[in-house]
Amino acid sequence: MSASISLFNSPEVTSPKIAILGAQGQLGRQFQSLKFSNLIPLGRSEADLTKPEALAERLEQLAPDLVINCGAYNLVDKAETETTACTAANTIGVMNLAQICKKINATFVTYSTDHVFCALPKTDQNGKPIPWTENDLPSPHSLYGASKTSGEFLARASWEKTYVIRTCGLFGIPGPGGKGGNFVEAILRAVANGRALRVVADQVCTPTSVTSLVEATIALLRHFPAGLYHLTDQGACSWHEFASEIVAQAGLSVEVTPISTADWPAAAKRPAYSVMGSIHSTDPLFPKLRPWQESLREYLANRPS
Ligand SMILES: NC(=O)c1ccc[n+]([C@@H]2O[C@H](COP(=O)([O-])OP(=O)(O)OC[C@H]3O[C@@H](n4cnc5c(N)ncnc54)[C@H](OP(=O)(O)O)[C@@H]3O)[C@@H](O)[C@H]2O)c1
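Going by my numbering, the sequence shown opens with residue 54, and the numbers climb by one from there.
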C-alpha cells in the first residue's frame with residue numbers, strides 16, 4: 054500500500070507530486086522507503102543545489118506540488134575550510150531552491166540543524182540548561198551552522214510556503230554518498246575494528262531517527278502552516294551516553310571512556326547543549342516523537358548487518 058500525504062497550505066491537492074532532493078542520503082532514503090504513489094527521488098547528479106539553472110529547468114519540467122530538500126553540505130569540520138562549497142549548497146542553493154518553488158507554486162520543505170545554537174546554554178533560574186525553542190535567536194559558531202542559519206532565513210524570506218525543520222543527531226540507513234554513515238555506525242565500526250571508544254561527554258543533544266523525523270514531517274505538513282519548526286526525538290544525552298546506549302543495546306561488552314571536548318580537537322566548534330524543544334509542543338496536533346532510545350532499538354533491529 055502506498056503512503057499518502059496532505060498539505061495544510063494546499064488542501065485542494067489530494068495526491069501531491071513530491072520531488073525529493075538529496076534522495077540518496079539517509080533522510081532521503083527514508084522518504085523513498087515509504088512508497089508514496091507520486092514521489093520523484095532526485096540524487097545530486099539529477100538535482101544539484103549548486104546548479105540553479107539546471108535545477109530550475111528540471112523542477113519546472115516535473116512541476117511537483119511539494120519539494121522536500123534532504124540534500125545538504127554536511128561535512129561539519131571540512132566546512133571550516135571548504136566555505137564556498139558549503140555556502141553554495143546550504144545557503145545560496147537553498148535560497149535558489151525556495152525561489153524556484155515559488156515560481157512553480159510548490160510547497161517547500163528544507164532541513165536545518167541544532168548547530169544554529171552554539172552559544173552558552175539557555176538556563177532556568179537554578180542554572181539548569183533548558184531546550185532551545187523556535188523563538189530563540191540562532192547563534193552559530195561554525196561555518197556549517199552559519200551556512201544553515203543563513204539558508205533558513207533566505208529560504209523563508211524567498212517563499213512563504215517554506216517549512217524549515219531543525220533536527221539533530223540524525224541516524225538512518227546510510228546511503229552511498231552524503232556523510233557516509235552516522236554516529237551509530239561509527240561506534241559499531243570502531244568496536245568491530247577493536248578500537249578503544251573515547252567519546253565526548255560534555256556535549257548534550259537529542260539523537261533522532263530518520264523514521265521518526267519523516268513521520269513527524271508528514272504530520273507537520275498535514276496540520277501546520279509553513280514556518281520554522283523544531284523536530285527531534287524525545288530526551289537528551291551526551292555523545293558518551295549515546296555511545297554507551299548503542300553498545301548496551303547491541304549487546305557488546307566494551308568500555309566507553311568519557312572525554313571532554315578539549316580532548317577531541319575538531320576544526321568546527323560544536324554546541325555544548327543543543328537540545329531543542331518547540332513552542333508548539335502543547336498543541337495536540339504537533340507531532341510528538343519517540344524517546345531516542347526507542348528509535349535506536351528500532352534502528353539496530355532493522356539495519357543491514
Ligand atoms: N546527519 C545529521 O546528524 C543531521 C543533524 C541535523 C540536521 N541534519 C540535516 O538533515 C538533512 C539530511 O541530512 P542527512 O543526514 O540525510 O545527510 P546525508 O546522509 O549526508 O545526505 C545528504 C545528501 O545531500 C546530497 N548533497 C550534497 N550536496 C548536494 C548538492 N549540492 N545538491 C544536492 N544534493 C547534495 C548528498 O549527495 P551525495 O550522495 O552525492 O553526497 C547526500 O545524498 C540535511 O539538511 C542536514 O543538514 C542532519
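The beta carbon of each residue, even a glycine, is placed where N, CA and C say it ideally should be.
Please name the residue or residues paired with alanine 72 in a DSSP beta bridge. Ile93, Val120
Since glycine 330 and histidine 283 are thought to touch, with beta carbons under 8 Å apart, how far apart are those beta carbons, to the nearest angstrom? 7 Å
Report buried or exposed for isoleucine 137, applying the criterion of at least 16 other Cβ atoms within 10 angstroms of its Cβ. This sequence places threonine at residue 137; isoleucine is not what is there. Label assigned to threonine 137: exposed.
Just verifying my parser: in three-state terms, what is the DSSP assignment at tyrosine 352? helix
Return yes when the Cβ of glutamine 287 is within less than 8 Å of the Cβ of arginine 242, no when it is not. no
Can you name the start and end residues of the alpha helix (DSSP H) that valine 263 belongs to? 263 to 276
Coarse secondary structure for threonine 259, derived from DSSP in three states: coil
Beta strand (DSSP E) segment containing isoleucine 145, residue limits: Neither: isoleucine 145 is in no beta strand (DSSP E) and is coded neither H nor E.
For phenylalanine 84, the first and last residue of its enclosing alpha helix (DSSP H): 79 to 86
First and last residue of the alpha helix (DSSP H) that includes serine 200? 196 to 211
Arginine 219, buried or exposed, once every other Cβ within 10 Å from all chains shown has been counted against 16: buried
Give the secondary structure of histidine 283 by DSSP, where H, G and I count as helix, E and B as strand, and everything else as coil. strand
Let me check you understand the geometry: is the CB of tyrosine 326 closer than 7 Å to at least one non-hydrogen atom of ligand 1? no
Looking at proline 193 and proline 182, is the spacing between their C-beta atoms short of 8 Å? no
Have a look at the DSSP bridge pairing and note the partners of leucine 250. Val309
Measuring CB atoms only, is the stretch 186 to 206 touching the stretch 342 to 357, in the sense that at least three cross pairs come out at less than 8 Å? no
Exposure of leucine 349, with buried meaning 16 or more beta-carbon neighbours within 10 Å: buried
Beta-carbon within less than 8 Å of leucine 250's beta-carbon, same chain only, minus the 5 sequence neighbours each way: which residues are those? Ile240, Ala243, Val244, Ala296, Val300, Val307, Glu308, Val309, Thr310
Short of 6 Å in beta carbon distance, which residues of its chain neighbour valine 66, apart from the five on each side in sequence? Order them along the chain. Leu60, Asp118
What residue from Leu74, Ala279, Gln302 has the CA that sits closest to serine 98's CA? Leu74
Determine the DSSP secondary structure at tryptophan 317, reduced to helix, strand or coil. coil
Determine the closest residue to proline 134 out of Ser200, Asp167, Leu80, with distance taken between C-alpha atoms. Contrary to the premise, residue 134 reads as threonine rather than proline in this sequence. The shortest C-alpha separation from threonine 134 is found at Ser200.
Quick one: measure Cβ to Cβ for aspartate 255 and threonine 314, integer angstroms, because I've assumed they're closer than 8 Å. 6 Å
Tryptophan 212 and cysteine 154: beta carbons closer than 8 Å? yes
Is any non-hydrogen atom of ligand 1 found closer than 7 Å to the C-beta of proline 227, if you look at the structure I gave you? yes
Skipping 5 residues on each side, what residues in its chain have a beta carbon closer than 6 Å to that of leucine 108? Ala100
Arginine 323 (DSSP reduced to helix, strand or coil): coil
Looking at ligand 1, does it come within less than 7 Å of cysteine 123, judged from the CB to the closest heavy atom? yes
Taking the C-alpha atoms as reference points, what is the distance between arginine 82 and valine 252? 28 Å
Own chain partners of tyrosine 216 with C-beta closer than 6 Å, once the 5 adjacent residues on each side are dropped: Val162, Ala279
Identify, in the order they occur along the chain, each residue of the same chain with its Cβ nearer than 8 Å to the Cβ of phenylalanine 89, setting aside the five sequence neighbours on each side. Ser55, Ala56, Ser57, Ile58, Ile71
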